[in-house]
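There are 2 protein chains.
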Amino acid sequence: MPDEIQLTPTSYIVLGLLSMFVGEATPYDLKGMASASVGQFWTLPHSQLYAEPARLARAGYLTENQEPSGRRRKLYSLTELGREALASWLGVFTPEPYVLRDPALLKLFFGADATHLAEGQLTTHRQKLVEYEAYAAHDPGTGPRGPWQALQLGIRHERETIDFWEEQARPNGR
Amino acid sequence: MPDEIQLTPTSYIVLGLLSMFVGEATPYDLKGMASASVGQFWTLPHSQLYAEPARLARAGYLTENQEPSGRRRKLYSLTELGREALASWLGVFTPEPYVLRDPALLKLFFGADATHLAEGQLTTHRQKLVEYEAYAAHDPGTGPRGPWQALQLGIRHERETIDFWEEQARPNGR
DNA sequence: AAACATACCATCCGAAACAGACTGTTGTCA
DNA sequence: TGACAACAGTCTGTTTCGGATGGTATGTTT
């Protein structure tokens with residue numbers, strides 16, 4: 141019955157969110173959870189959060205229950221298979237390639253004026269940093285550890301990026 | 141005649157490579173250039189480097205000349221329109237969202253064991269850093285500035301990331 | 001009660017990107 | 001000349017992206 145599908149990062153986001161927050165959720169719920177959490181550093185179009193759970197359900201990683209009346213929303217929850225898949229993904233190390241795609245970096249590469257570029261970048265990244273630090277402030281140790289750790293890396297990245305652009309912003313020697 | 145198309149980062153990579161290295165290049169050339177330079181931090185399937193120039197040529201950003209004999213390769217070069225498009229992209233600041241997609245970060249977020257994760261990450265990132273530093277070593281100031289600057293940011297990112305995972309690797313207090 | 005406003009919720013579609021299998025061509029050196 | 005590496009390009013099935021669009025429930029005003 142379950143089709144063979146291959147699980148992508150998107151899949152694991154769905155599985156992960158379901159395991160982390162609740163037993164059961166609608167795509168709309170997932171949308172909210174995602175954008176409030178993992179969506180900070182891993183965005184996806186919300187339409188994916190409708191398509192992906194359906195796909196996972198077909199393959200047996202989730203169960204799908206439709207509300208019998210009203211909006212007839214679809215409620216998804218993890219099956220044992222889903223739970224296992226998540227656990228094994230979490231446990232395995234595969235040298236998965238990460239992607240850093242920053243248009244600003246591309247512009248810099250191709251010769252854009254660094255000082256000018258830096259202005260914009262600083263605004264963006266400083267703002268992001270403030271956001272992150274706000275998060276970090278009101279989550280001192282409670283709740284699951286993972287998000288907090290991920291946040292720390294985010295903060296470091298932002299700080300480093302800001303340092304870099306600050307250097308670029310003042311046009312003295314290299 | 142020129143269709144209206146929207147220019148994506150892929151487009152600008154093609155335009156940028158053409159402006160940076162040569163007057164004229166075949167997709168195959170572009171492939172080589174890309175993987176040796178910008179491909180370090182912005183990968184794309186090589187088939188894109190065949191499809192994209194064709195698209196750009198149709199829209200008037202490039203001219204397409206076919207070799208009259210032999211392999212009859214297609215040679216592309218920038219038109220005035222292409223040159224302008226590139227220049228204006230380089231000059232404009234738009235708060236373009238950058239993407240950092242690191243499966244390891246996702247795993248950390250969803251509760252993977254940090255110490256264990258760190259092992260793998262350290263190998264990967266240390267290797268990347270060595271690579272970058274090798275590049276940096278044999279390019280002290282000659283040639284265009286952009287690539288060098290971009291490389292510096294890359295190096296910083298790697299260093300920071302390594303620091304982070306080193307902390308995760310030793311399991312003392314947070 | 002009718003009209004309106006606003007969340008809330010979901011689907012759909014074209015365009016682009018992806019991944020990689022597959023084919024063909026030229027040069028070179030035994 | 002024939003074997004082999006390097007060169008060069010094409011094609012195709014999936015995924016993903018990014019929105020446009022369109023419904024439905026729940027108030028809120030008149």
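Chains as they are written, first to last, in the numbering used here: chain A, 141 to 314; chain B, 141 to 314. Quick reminder that beta carbons are idealized off the backbone N, C-alpha and C, glycines included. Please read all numbers here as calculations on a predicted model, not as lab measurements.
Query raised in the report: On the three-state DSSP scale, how would you describe A146(B)?
Result: Here residue 146(B) refers to the residue found at position 6 when the second sequence is read from its first residue. The sequence as given places Gln at residue 146(B); Ala does not occur at that position. Note: Q146(B) maps to coil in three-state DSSP.
Query raised in the report: Can you find a CB in chain B that lies within less than 7 Å of the CB of V154(A)?
Result: Position 14 of the first sequence holds residue 154(A). Closer than 7 Å: no.
Query raised in the report: For K268(B), which residues from the same chain have a beta carbon less than 7 Å from its beta carbon, with the 5 sequence-adjacent residues on both sides left out?
Result: Taking the second sequence and counting its residues from 1, one reaches residue 268(B) at position 128. Excluding sequence neighbours, K268(B) sits near E298.
Query raised in the report: Among the residues of its own chain, which have a CB less than 8 Å from the CB of P284(A), if the five just before and after it don't count?
Result: For the purposes of this step, residue 284(A) is identified with residue 144 of the first sequence, where counting begins at 1. Taken in chain order, the residues that qualify are M160.
Query raised in the report: Mind listing which residues of the stretch 235-250 of chain B have their C-beta closer than 9 Å to chain A's C-betas, in chain order?
Result: P235, E236, P237, Y238, V239, L240, R241, D242, P243, A244, L245, L246, K247, L248, F249, F250
Query raised in the report: Secondary structure at V178(A), three-state DSSP: helix, strand or coil?
Result: Taking the first sequence and counting its residues from 1, one reaches residue 178(A) at position 38. DSSP places V178(A) in helix when its eight states are reduced to three.
Requested in this report: Give me the Cα-Cα distance between V239(B) and P243(A), rounded to the nearest whole angstrom.
Outcome: The residue you call residue 239(B) lines up with position 99 of the second sequence. The residue you call residue 243(A) lines up with position 103 of the first sequence. So the alpha carbons of these two residues sit roughly 9 Å apart.
Report task. Could you please give the first and the last residue of the uninterrupted beta strand (DSSP E) stretch that includes L202(B)? Result -> Along the second sequence, one-based indexing puts residue 202(B) at 62. First-last of the beta strand (DSSP E) with L202(B): 202-206.
**Report entry** DSSP bridge partner residues for L215(A) (one or two, in chain order)
**Finding:** By 1-based counting over the first sequence, the position of residue 215(A) is 75. Bridge partners of L215(A): N205(A).
Report task. Check A254(B) in the structure and name its three-state DSSP category. Result -> If you number the second sequence from 1, residue 254(B) lands on position 114. Reduced to three states, the DSSP call for A254(B) is helix.
Requested in this report: Determine, using beta carbons only, whether F304(A) comes closer than 7 Å to chain B.
Outcome: Here residue 304(A) corresponds to residue number 164 of the first sequence, with the count starting at 1. Closer than 7 Å to some Cβ of chain B, the Cβ of F304(A) qualifies, so yes.
Report task. Pull up the distance between the alpha-carbon of L257(A) and that of E224(B), whole angstroms please. Result -> Position 117 of the first sequence, counting from 1, holds the residue named residue 257(A). Position 84 of the second sequence, counting from 1, holds the residue named residue 224(B). Computed Cα separation, rounded: 18 Å.
Query - Chain-ordered neighbours of G286(B) on chain A, where CB pairs are closer than 9 Å - result: Start at 1 with the first residue of the second sequence, and residue 286(B) comes out as number 146. What G286(B) touches in chain A: K247, L248, F249, F250, G251, A252, A254.
Query raised in the report: Between G163(B) and L189(B), what straight-line distance do the alpha-carbon atoms span, to the nearest angstrom?
Result: The residue you call residue 163(B) lines up with position 23 of the second sequence. The residue you call residue 189(B) lines up with position 49 of the second sequence. Spanning the two alpha carbons is a distance of roughly 16 Å.
Query - Chain-ordered chain B contacts of E220(A) [CB-CB under 9 Å] - result: Taking the first sequence and counting its residues from 1, the one referred to as residue 220(A) is at position 80. Under the 9 Å cutoff, chain B gives no residues; its nearest Cβ is about 18 Å from E220(A).
Report task. Spatial neighbours of E204(A) within its chain, please: CB distance less than 8 Å, with the 5 preceding and 5 following residues excluded, ordered by chain position. Result -> For this step, residue 204(A) is matched to residue 64 along the first sequence. Closer than 8 Å at Cβ, skipping near neighbours: P193, A194, A197, K214, L215, Y216.
Query raised in the report: For R266(B), which residues of its own chain have a beta-carbon under 7 Å away from its beta-carbon, when the five flanking residues on both sides are left out?
Result: Position 126 of the second sequence, counting from 1, holds the residue named residue 266(B). Correct list, in chain order: I302.
Query raised in the report: So, G286(A) versus L248(B), is the Cβ gap smaller than 7 Å?
Result: In the first sequence, counting from the first residue as 1, residue 286(A) sits at position 146. In the second sequence, counting from the first residue as 1, residue 248(B) sits at position 108. Taking 7 Å as the Cβ cut-off, G286(A) and L248(B) qualify as a contacting pair.
**Report entry** Spatial distance of L230(B) from P149(B) (CA atoms)
**Finding:** The residue given as residue 230(B) occupies position 90 in the second sequence. The residue given as residue 149(B) occupies position 9 in the second sequence. Looking at the two C-alpha atoms, the distance is approximately 11 Å.
Requested in this report: Apply the 10 Å Cβ neighbour rule to S151(B) and answer buried if 16 or more other Cβ atoms are within range, or exposed otherwise.
Outcome: The residue given as residue 151(B) occupies position 11 in the second sequence. Label assigned to S151(B): buried.
Requested in this report: Could you name the residues of the same chain whose beta carbon sits closer than 7 Å to that of I145(B), not counting the 5 residues immediately before and after it, in chain order?
Outcome: Taking the first residue of the second sequence as 1, we reach residue 145(B) at position 5. Excluding positions up to five away in sequence, the list reads R195, A199.
Query - Unbroken alpha helix (DSSP H) run spanning R310(A), endpoints - result: Locating residue 310(A) in the first sequence gives position 170, counting from the first residue. From DSSP, R310(A) is part of no alpha helix (DSSP H); its letter is neither H nor E.
Query - Which residues DSSP lists as bridging L240(A), in chain order - result: By one-based count along the first sequence, residue 240(A) stands at place 100. Its beta-bridge partners are L240(B).
Query raised in the report: Where DSSP assigns a beta bridge to A165(B), which residues make up the other side?
Result: Working through the second sequence from its first residue, we reach residue 165(B) at position 25. According to DSSP, A165(B) bridges with Y216(B).
Query raised in the report: Hey, how far is the Cα of A276(A) from the Cα of E259(B)?
Result: By 1-based counting over the first sequence, the position of residue 276(A) is 136. By 1-based counting over the second sequence, the position of residue 259(B) is 119. Distance between the alpha carbons of A276(A) and E259(B): 25 Å.
Report task. Rounded to whole angstroms, what's the CA-CA distance from G251(A) to G222(A)? Just pull it up for me. Result -> Taking the first sequence and counting its residues from 1, the one referred to as residue 251(A) is at position 111. Taking the first sequence and counting its residues from 1, the one referred to as residue 222(A) is at position 82. Spanning the two alpha carbons is a distance of roughly 47 Å.
Query raised in the report: Any Cβ of chain A within less than 7 Å of the Cβ of T282(B)?
Result: The sequence position of residue 282(B) within the second sequence is 142, counting from 1. So no, T282(B) is outside the interface.
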